[in-house]
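Only one structure is covered here, and it is reproduced in the block below.
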Amino acid sequence: MSIEEIDAKSVEQFDPYRVTGLWHIIATNHNMWKNKLTPTITYSIHDQLPDGRVRMNNLVEYYSKQLCVGYRPTSIEGIDTQLSIKPSRYQWRGSGILKFFTNESGFIFVDNETASDRPYQWIAKIYSPTIFSSGGIDLMTRTRQPPTHVLNDFVQFCRDDSIIRPRSANMFYTREKAGNEIYYIRDLQLD
Numbered sequence: 001m002s003i004e005e006i007d008a009k010s011v012e013q014f015d016p017y018r019v020t021g022l023w024h025i026i027a028t029n030h031n032m033w034k035n036k037l038t039p040t041i042t043y044s045i046h047d048q049l050p051d052g053r054v055r056m057n058n059l060v061e062y063y064s065k066q067l068c069v070g071y072r073p074t075s076i077e078g079i080d081t082q083l084s085i086k087p088s089r090y091q092w093r094g095s096g097i098l099k100f101f102t103n104e105s106g107f108i109f110v111d112n113e114t115a116s117d118r119p120y121q122w123i124a125k126i127y128s129p130t131i132f133s134s135g136g137i138d139l140m141t142r143t144r145q146p147p148t149h150v151l152n153d154f155v156q157f158c159r160d161d162s163i164i165r166p167r168s169a170n171m172f173y174t175r176e177k178a179g180n181e182i183y184y185i186r187d188l189q190l191d
């Protein structure tokens with residue numbers, strides 16, 4: 001996904017304060033999640049820059065399989081800095097050893113049902129490639145079992161958009177499934 005496409009697809013209306021808290025990555029096409037369990041992202045406000053842009057702490061947590069010991073908790077920390085292009089556009093920079101790495105992202109699908117004074121309940125974010133991942137799309141919800149209409153609306157959103165459609169074709173569910181089987185989002189049937 002090019003930076004220009006991320007700019008074009010990111011939503012116009014976005015409130016970073018409504019995105020704070022824990023998010024479950026429900027569907028994704030990031031290959032890094034295929035052998036990980038229950039990935040989550042927690043956003044919290046880091047600070048506000050003098051020009052009004054917001055920086056958010058970004059904590060990614062998941063279980064990673066390690067030889068001889070099974071699944072162990074793992075985390076990646078960084079800071080998302082809001083860009084002046086749109087309120088929904090961000091640049092991630094890693095923390096600690098990862099501080100030399102950046103990533104462009106944008107929120108492309110945002111809860112439009114919850115009152116504006118309440119936290120969003122579902123969002124989708126698109127990422128540019130890095131040396132560690134090919135980039136992609138994450139659908140995130142507050143609960144691991146979102147309402148069916150949210151999944152269906154997201155699938156329809158992906159099918160209707162000429163830029164998003166080809167990039168969402170290989171999305172899969174990250175929910176725990178029997179036998180470690182991967183379920184692709186294209187298998188979800190619309191009502």
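Per UniProt numbering, residue 1 is the first one in the sequence shown, and the count goes up by one each step. Using N, Cα and C, we set each Cβ at its ideal position, and we do this for glycine too.
If you draw a straight line from the C-alpha of residue i to the C-alpha of residue j, how long is it?
i    : j    : result
Q91  : I3   : 11 angstroms
F172 : T130 : 20 angstroms
N57  : I123 : 17 angstroms
M32  : S133 : 7 angstroms
R53  : G106 : 15 angstroms
V60  : L49  : 23 angstroms
F101 : G94  : 6 angstroms
R142 : L22  : 7 angstroms
I6   : Y127 : 8 angstroms
I108 : K9   : 6 angstroms
T38  : N170 : 18 angstroms
N35  : K65  : 7 angstroms
Quick check on DSSP: helix, strand or coil for residue i?
i           : result
K86         : coil
residue 192 : Only positions 1 to 191 of the chain appear in the structure, and residue 192 is not among them; the question remains open.
N29         : coil
I45         : strand
L67         : coil
F14         : coil
D160        : helix
A169        : coil
F132        : coil
D51         : coil
N58         : strand
E113        : coil
N35         : coil
K125        : strand
F154        : helix
T141        : strand
T148        : helix
Should residue i go down as buried or exposed, given a rule of 16 or more other Cβ atoms within 10 Å for buried?
i    : result
N103 : buried
K125 : buried
G136 : buried
P73  : exposed
G78  : buried
L139 : buried
A27  : buried
V110 : buried
R89  : buried
At a cut of 8 angstroms, does the region 153-166 reach the region 14-24 through at least three beta carbon pairs?
no
Report yes or no: do the region 75-89 and the region 115-122 share at least 3 C-beta pairs separated by less than 8 angstroms?
no
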